[in-house]
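Using my numbering, the letters of the sequence shown correspond one by one to residues 304 to 1008. Using N, Cα and C, we set each Cβ at its ideal position, and we do this for glycine too. Quantities reported herein were computed from a predicted structural model and do not represent experimental measurements. One structure is given below, encoded as structure tokens.
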Amino acid sequence: MHSQGSLWKEFFETYYPGELNRLALRVMENGTKERSLYVNFMDVYTFRHELADELLDYPDKVIDHARVGLQKADNSLGVELEDAEPRFYNLPISRKIDIRDLRSEHVGRLIAVEGIVRKITEVRPKLIEAAFKCPEGHITKVFQEGNRLREPFECGECKRKGNFLLVPELSKMVDSQRAKVQEYPENLRGGEQPQTLDVFLEGDVTGKINPGDRIIINGVLRAYMRRIGHQKTQVMDMSLECISIEILDQEYEELEITKEDEDAILALKEDPDIFQKIIRSIAPSIYGYEDVKRSITLQLFSGIPKELPDGTRIRGDIHILLVGDPGVAKSQLLRYVHRIAPRGVYTTGKGTTYAGLTATAVKDEFDGRWTLEAGALVMADKGIALIDEIDKMRSDDVGALHEAMEQQTVSIAKAGINAILKARCAILAAANPKYGRFDRYIPIGEQIDLSPTLLSRFDLIFTLTDEPDELRDREIANHILRSHYIGELIERSKNIVAVDHPKEVIERKSREIIPEIEPELLRKYIAYAKRMVFPVLSDEARERLVEFYISMRNSVKDQKSAIPITARQLEALVRLAEASARVRLSDVITLSDVENVIGVVERCLREIAYDPETQQIDIDILAVGTSKTQRDRIITIKEIIRNLERELSSELGKSYRGVPEEEIFRRAEDQGISRDRAREVLSKLSKNGEVYQPKSGHYRLMEGW
Ligand code: ADP
Ligand code: MG
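What follows is the structure, given as structure tokens:
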């Protein structure tokens, strides 16, 4: 072996003289515990490549040598560099191992593992050398290893056994922390469960990372016995002992785009039909939903996140909600988007895969420390969170989701842990109606268990209903059966050798449900757009947006009519228009981008905020849960009941038992409210507990209403 302390001393003195002096200054001032010296692996390789190889293969021995060399290295201050720690980074590509590829051959070697921090414990001191006092007062020091506290066998002086007392002030401790690192969601093939690795951190690398951070950990892989109860088994678990951390800069994108990729992307951009092509590449096996797919396309490209000169941040992420009947392919769509979106995280409202949707502090099962664990939204930072059955979300998550959707952060204050984690992700969510099926005559807010405040944070909400329609049903049936038929052909040709269906036929047929743009290229195209394209509104585009906004607002003629659109929808329009320009990799947001998205927004509002009675769009249906007409009617009916109560109770005195419904209907008709409508209002008021029936067919207002 080449490695020895003196060689390392030479290395540090030759390659890191400046760093040695700075370290010496820190040691001299002793104000800080930062005793690390960061060493670029490539420098070691340049110095002596044999030494570099030994470092990779025998890190325990070689890092000991390096530590000795470092602590003995000369510096211009002449300070002894006690406790100095060499920390190696920038390992060669051959030593970057995916978590799922870790094998026994890597145990004891220096490797680099890249991933997202999923969990992190508090930083706590850990004993390295424990000082014990015997009843006579003698001190014995014991070097600590492993998980259990090691006590002295006997007192070093009086040879007494037992009854030792730990003396923390005389013991040597180090800051320690444990993290769980998880594979990148974008590297998982559809539906795979992400794998994780435990990482042990000690010294001044603690307290530096947060859940959701993307990092490279350079360290030594350890294997330890897995236990079942008290029984040790032959199967080993693995963990990584951290040597150094590289926190990947936020703008870092993992998806590599080669020169050839770029050529393919730029060629694709020239296609005048690019938007339609991408739409057709999203879930081609799902029939229809042109607008939904168009919106998902825009969501994948995303608007431009902005920081204004006054410090205000505006999100660029587009949030979409799909509400609809069971069996209309909502889940299927989400799963498809999960497959193609760079950095997609799939979860359900119930949060089976993660610590809920957001993040939480939990007591660690291993050593009882408080641990901060990231949920789906934090893990999806800079990507898309696919949340199925969002209506089944835990109540803890609701408040956090509000914050995540607008501020794009998740705050945690629990058990002394205060943290604000980043959650800059777009949300594509699906919800089922509360009563099984969707009724387009009842406001959407009443049909799903989501609050109006949450609903108003979605840029687009789509209702997918399953109403029988012969033409459409026939087409869907044909589409589904065609997919199944092709699937059958493929399976048959895989398993049965007979050539009854030639390859060309299968290929030709497959093309009907194969995405026009191959998913791999589409992902790269999207990543390229998000990285390189930052379009700006053209004058015509801006004018058209203003005009659209004003015209919608102006339909509010007097106080009585509905407010059709708010500034929230205007912001949504801008985001969508930016995304539309990005789809073409264009630097300018044109009039046609704006027209494109106005169309989508109008159709979407018509579905969810359309008041069938006035035939107008009324955003209050969404934001407040009842339309203006409905609200007016409720107020009128309550007024009628109130007046009748007063009249009848003074007339009948003690025998008054509520207002007969016939009386209510009569007066309602006088005010232009039909019997049916009045009956609707009464049943709604009963359901809400605003009125009750002391006797069948007789109504009274609840106190306080
Ligand atoms: P949901 O989540 O809306 O309840 P799913 O996504 O589970 O529904 O879909 C149920 C099944 O119906 C899936 O196998 C899906 O492929 C099929 N399906 C429903 N609508 C369509 C459609 N428009 N095109 C193709 N398949 C469809
Ligand atoms: Mg579903």
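* Taking all protein chains shown into account, decide if residue 942 is buried (16 or more other Cβ within 10 angstroms of its Cβ) or exposed. => exposed
* Asked: For the candidate residues 467, 309, 394, whose alpha-carbon lies nearest to that of residue 367?
  -> 309
* To do: Measure the alpha-carbon distance for residue 863 versus residue 757 and round it to whole angstroms.
  => Because the pLDDT at residue 863 is just 49, under 50, the model does not fix this residue reliably, and the value given afterwards should be weighed accordingly. Residue 863 and residue 757: Cα-Cα distance of roughly 26 angstroms.
* Buried or exposed by the 16-neighbour rule on C-beta atoms within 10 Å, applied to residue 842 -> exposed
* Would you tell me roughly how many angstroms separate the C-alpha atoms of residue 726 and residue 682, rounded to the nearest one? => 8 angstroms
* **Through-space distance from residue 832 to residue 555, alpha-carbon basis** => Residue confidence for residue 555 is low, a pLDDT of 43 falling below 50, so the modelled location carries little weight and cannot support an answer.
* Identity of the residues DSSP links to residue 498 by a beta bridge -> Residue 498 is not bridged to any residue.
* **Option in 628, 629, 605 with minimal Cα separation from residue 618** => 605
* Rank 356, 318, 351, 407 by C-alpha distance to the C-alpha of residue 378 and give the top, closest one. => 318
* **Beta-bridge partners of residue 417, as assigned by DSSP** => 519
* **Inside the stretch 677-759 only - beta strand (DSSP E) runs reaching at least 3 residues** => 687-691, 712-717, 720-725, 729-734
* Asked: If you draw a straight line from the C-alpha of residue 1012 to the C-alpha of residue 421, how long is it?
  -> Coverage of the chain is limited to positions 304 through 1008, which leaves residue 1012 absent and any answer about it impossible.
* **Cβ-based burial, residue 699 [other Cβ within 10 Å; buried from 16]** => exposed
* Classify residue 311 as buried or exposed, calling it buried when 16 or more other Cβ atoms lie within 10 Å of its own Cβ. => buried
* Asked: Could you give the residue range of the alpha helix (DSSP H) that holds residue 332?
  -> 320-332
* Neighbourhood of residue 884 by C-beta distance below 6 angstroms, restricted to the same chain and skipping five residues each side -> 838, 892, 896
* Would you check if the distance between the CB atom of residue 413 and the CB atom of residue 521 is smaller than 8 angstroms? => yes
* Where residue 446 sits in the DSSP three-state scheme -> strand
* Could you tell me how far apart the beta carbons of residue 546 and residue 391 are, in whole angstroms, since I believe they sit closer than 8 angstroms? => 6 angstroms
* To do: Check residue 627 in the structure and name its three-state DSSP category.
  => strand
* Cβ-based burial, residue 990 [other Cβ within 10 Å; buried from 16] -> exposed
* Asked: Would the beta-carbon of residue 595 be found less than 7 angstroms away from any heavy atom of the ligand ADP?
  -> no
* **Close Cβ partners of residue 426 (< 6 angstroms) along its chain, the five nearest in sequence each way excluded** => 478, 480, 509, 510
* To do: Return yes when the C-beta of residue 733 is under 7 angstroms from any heavy atom of the ligand MG, and no when it is not.
  => yes
* Any idea if residue 788 is buried or exposed, counting beta-carbon neighbours within 10 angstroms, 16 or more meaning buried? -> exposed
* Check whether residue 423 and residue 675 have beta carbons under 8 angstroms apart -> yes
* Answer yes or no: do residue 410 and residue 330 have a C-beta to C-beta separation smaller than 8 angstroms? => no
* Residue nearest to residue 666 in terms of C-alpha spacing, selected from 519, 720, 903, 697 -> 720
* Work out the CA separation of residue 629 and residue 600 for me, nearest whole Å. => 23 angstroms
* Residues of its chain near residue 267, where Cβ-Cβ distance is below 7 angstroms and the 5 sequence neighbours each way are ignored -> Only positions 304 to 1008 of the chain appear in the structure, and residue 267 is not among them; the question remains open.
* Helix or strand or just coil, what does DSSP make of residue 508? -> helix
* Excluding the five sequence neighbours on either side, which residues of its own chain have a C-beta within less than 7 angstroms of the C-beta of residue 708, listed in chain order? -> 622, 730, 760
* Identify whether residue 526 lies in helix, strand or coil by the three-state DSSP scheme. => strand
* To do: Could you name the residues of the same chain whose beta carbon sits closer than 7 angstroms to that of residue 641, not counting the 5 residues immediately before and after it, in chain order?
  => 493, 647, 649, 689
* **Inter-residue spacing [alpha-carbon to alpha-carbon] between residue 1008 and residue 932** => Reliability fails at residue 1008, whose pLDDT of 44 lies under 50, so the model's placement of it is uncertain and no value is given.
* Quick one: using the 10 Å Cβ neighbour count with 16 as the cut-off for buried, is residue 998 buried or exposed? => exposed
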